[in-house]
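Colleague: Can you keep this structure in mind? I'll have questions shortly.
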Amino acid sequence: MSDSTSWASPGWRPDDQEGTRPAGDTGTAASQGASGTTASPGGYAPAGGPPPPQPAAGWTPPPKPGLIPLRPLDFGALLGATFQVLRRNPRPTFGAALLLNALVVIVAFGLTFGVTFWALDRAERASSADAAAIEAGAVGLVIVMAILAIAISLVAQALLQGVIVLEVSRATVGEKLTLRQLLDLGRGRWWALIGWTVLLSGALIVGMTLFFIVIVLMVAIGSVAGEVAGTIVAILFAIFGGLAFAAFACWLWIKLALVPAAIMLERLTLGAAVRRAWTLVIGHFWRTFGILLLITVMVQVASSVVSTPFSIAASFGGVLANPAGDDLTSLSVLLGANVLTIAITVVVGAIGAVLLSAATALIYLDLRMRKEGLDLELQRFVELRASGATAPDPYQPAAR
């Protein structure tokens, strides 16, 4: 059958739809190819006409299997995820922070108060010949107990940082672990994290001590030449030196803020973790500084707003509740108000510690997404896990 015969088939026209063609007409496809006619779902377009419209390609957002979308985070997403850490899995986050903060406060208060009370009682009952030796020993014991309380606080801070870092990393890929599982996940890295926390705090204490020693020496040396001149020089050094010291401490804080995340997630040694954190922050110092400073200010303001009324109640509650001046009633009211103030401080401090640690962990993930394509590794991990395959840890560089 020729092309002209096909187009002239009785009962059929070129603009008819495909479903209305007569049965038995088998030369249609060949006739279309010969005449240059293009078929469309709604009919046949004439030769040389525009092609039929194609459906527009849609935009697919990045997957969000858990806490955050797997892409570099903007400020709003990072800030929102920081607060979401508290309510997504509260037991290993807020519960652990509350338990550790309460333990630190109870131990510190118990050690300091108990040793002080025991020392004063011994000094009162001692003879005049032994009083000086007992007082010196009591002062030394109080100092030792204060150092022990600080050490317990540092250990608790390190444990909480590690738990929050691990929780954020697993929540990012849609996992929800218990506190015991998080502790097991960080096995082998806890002592490195505790050592880093103690080292950093010790360096800060040594720096502040040397700064104050320099001020005291300047005052002492200046008083030989002239008391007024020495005092003025010491005051100026304290002001400008203090500002310089604070600026240096803030700079060092940001450069080393990601060390706990590198220790826990990449399981690096202490020196390698310091170099890793230092490298990641390069090019993103001010953004990291702004986020951590904002969250720190928010936590401090919220803590002051919540705890100030209770502090005022602790100061004036005894007088208002006991105008007659009964000592036992005033002591009971004062003790109750102080206990309530400490409890509120513990709760607010736990919330603040979780928020700051979570923000640091999220900044670490964001920087690795921006610099190393960690988001692609996380997406691959989620896909492999969903298919039932064994997926390597996406956070360790050795697995990349």
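If you're matching positions, the sequence shown starts at 145 in the working numbering and goes up one per residue.
Ideal Cβ placement from N, Cα and C applies to all residues, glycine included.
#1: Between the C-alpha atoms of Ile-495 and Thr-375, what's the straight-line distance to the nearest angstrom?
#2: Can you tell me the Cβ-Cβ gap for Thr-432 and Ile-407, rounded? I've got them flagged as a contact below 8 Å.
#3: Within its chain, find whatever has a CB closer than 6 Å to the CB of Arg-512; leave out the 5 residues flanking it on each side and keep chain order.
#4: Thinking C-beta only, is Val-317 closer than 7 Å to Val-526?
#5: Does Glu-319 come out as helix, strand or coil in the three-state DSSP assignment?
#6: Return helix, strand or coil for Glu-410, following the three-state DSSP convention.
#7: Going by DSSP in three states, Arg-99 sits in which element: helix, strand or coil?
#8: From Leu-409 to Phe-238, what distance separates their C-alpha atoms?
#9: Out of Gln-444, Leu-396, Arg-419, which one is the CA nearest neighbour of Trp-430?
#10: From Arg-529 to Arg-215, what distance separates their C-alpha atoms?
#11: If you drop the 5 nearest sequence neighbours on each side, which residues of the same chain put their C-beta closer than 7 Å to that of Leu-304?
#12: Below 8 Å CB to CB, which residues in the same chain sit around Ala-378 once its five sequence neighbours on both sides are set aside?
#13: Quick check on Arg-235: buried or exposed, where buried means 16 or more other Cβ atoms within 10 Å of its Cβ?
#14: Out of Val-492, Val-307, Gly-434, Gly-351, which has the shortest C-alpha to C-alpha gap to Phe-454?
#15: Do you know how far the Cα of Gly-224 is from the Cα of Leu-217?
#16: Between Pro-166 and Pro-209, what straight-line distance do the alpha-carbon atoms span, to the nearest angstrom?
#17: Mark Glu-311 as exposed unless 16 or more other C-beta atoms lie within 10 angstroms of its C-beta, in which case mark it buried.
Modeller: The structure says:
#1: 43 Å
#2: In fact, because the Cβ distance is near 18 Å, the residues do not count as touching under 8 Å.
#3: Leu-518
#4: yes
#5: coil
#6: coil
#7: Any answer about residue 99 is impossible in this case: the structure gives the chain only from 145 up to 544.
#8: 21 Å
#9: Leu-396
#10: 19 Å
#11: Ala-240, Ala-241, Leu-244, Ala-497, Ser-501
#12: Ile-359, Met-362, Val-363, Gly-366
#13: exposed
#14: Val-492
#15: 11 Å
#16: Only weak support is given to the placement of Pro-166: the predicted model assigns it a pLDDT of 42, under 50, and the value that follows is read from those uncertain coordinates. When rounded, the distance between both Cα atoms is 54 Å.
#17: buried
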